[in-house]
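J.: In the working numbering, the protein residues as written are 404 to 492. Ideal Cβ positions, reconstructed from N, Cα and C, are used throughout, including at glycine. Below are the structure tokens for one structure; questions will follow.
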Amino acid sequence: MKCISIEERAINLAQYIIDSKDTVRGAATKFGISKSTVHKDVSERLKKINPNLAKQVRIILDENKAERHMRGGMATKLKYSHLKGQKNN
């Protein structure tokens with residue numbers, strides 16, 4: 404596995420989040436690192452490395468945060484509709 408610097412990782416994470424509009428959790432899974440690391444990379448470290456890129460990522464993260472309650476509601480709805488379907492069979 405290729406070792407990259409923290410700066411490169413932060414930039415790669417930012418670019419991925421911007422391109423895919425993925426969440427911190429999704430980026431963490433994709434890159435095989437913790438959510439805390441992703442958040443620290445794109446929220447703190449990136450400001451020092453590339454402030455413009457940090458602003459772009461912040462827009463995506465704020466959108467994801469605003470939509471979080473809707474995603475949770477849909478997940479719950481799907482869970483219970485699936486359980487209801489099993490009960491009726």
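Where does S408 fall in DSSP's three states?
T.: Looking at S408 - three-state DSSP - the assignment turns out to be coil, as it is neither helix nor strand.
J.: Can you tell me which of D422, V441, G429 and P454 puts its alpha carbon nearest to the alpha carbon of I409?
T.: When only C-alpha atoms are compared, the closest one is V441.
J.: Which runs of the alpha helix (DSSP H) fall wholly inside the region 407-459 and span at least 4 residues, in chain order?
T.: Here the runs fully enclosed are 409-423, 427-434, 438-443 and 449-452.
J.: Using the C-alpha atoms, what's the distance from V427 back to L456?
T.: So the two alpha carbons sit approximately 16 Å from each other.
J.: Would the beta-carbon of E466 fall within 9 Å of that of K424?
T.: Yes, the pair counts as a contact, with Cβ atoms nearer than the cut-off.
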